[in-house]
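Chemist:
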Amino acid sequence: MMNTVTRHTKQYYLQKEQAVFSQIPGMEELLHADGTTAPELEARYPDAAFALRTANSLFAGDHEQNTIHQKAYSAILHGDSISNVRFRYDRDMDAYVQRHMWD
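Now the structure itself:
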């Protein structure tokens, strides 16, 4: 039996992100926020803020951190509950910090 890997283009992910992110309350406001209003909006719309931080962190950090960010981003794009995604993300990042605290 042969395993098949599905590959998508960057354009696919950008279109998927636009469709999913547009459904997250507060996303439009955050996308158009300036430096003075962004902190207040991030506090008011934590799901939108988390989704944006995740999207902006896809390639930030080492390989293990990238994997954590990409796993969360993918889960958001696949329609998982953002609160569940954030719970798993926080758990994974806490475990990462515990493993590498003394690096």
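Number 54 in numbering that gives the first Met the number 0 belongs to position 55 of the sequence shown; there are no gaps in the numbering.
No residue lacks a Cβ here, since even glycine has one placed at the ideal position from N, Cα and C.
Because the structure is a prediction, the values reported are computed rather than measured.
I need the straight-line Cα distance from residue 28 to residue 6, nearest angstrom please.
Modeler: Spanning the two alpha carbons is a distance of roughly 32 Å.
Chemist: Assign residue 68 to one of two classes, buried (16 or more other C-beta atoms within 10 Å of its C-beta) or exposed (fewer than that).
Modeler: Label assigned to residue 68: buried.
Chemist: For residue 14, which option in 77, 83 and 91 has the closest C-alpha, if you only look at C-alpha atoms?
Modeler: Of the listed residues, the one whose Cα sits closest to residue 14 is 77.
Chemist: Excluding the 5 residues flanking residue 48 on each side, which residues of the same chain have their C-beta closer than 6 Å to its C-beta?
Modeler: Excluding sequence neighbours, residue 48 sits near 41.
Chemist: Expressed to the nearest angstrom, what Euclidean distance is found between the alpha-carbon atoms of residue 51 and residue 20?
Modeler: Straight-line Cα distance between these residues: approximately 9 Å.
Chemist: Under a three-way DSSP split, which group does residue 87 fall into?
Modeler: Three-state DSSP puts residue 87 in a helix.
Chemist: Just verifying my parser: in three-state terms, what is the DSSP assignment at residue 95?
Modeler: Looking at residue 95 - three-state DSSP - the assignment turns out to be helix.
Chemist: By Cβ distance, which residues of its chain are closer than 6 Å to residue 46, with the 5 residues on each side in sequence left out?
Modeler: Only 23 and 81 meet the Cβ criterion.
Chemist: Would you identify the three-state DSSP class for residue 43, choosing helix, strand or coil?
Modeler: It is helical.
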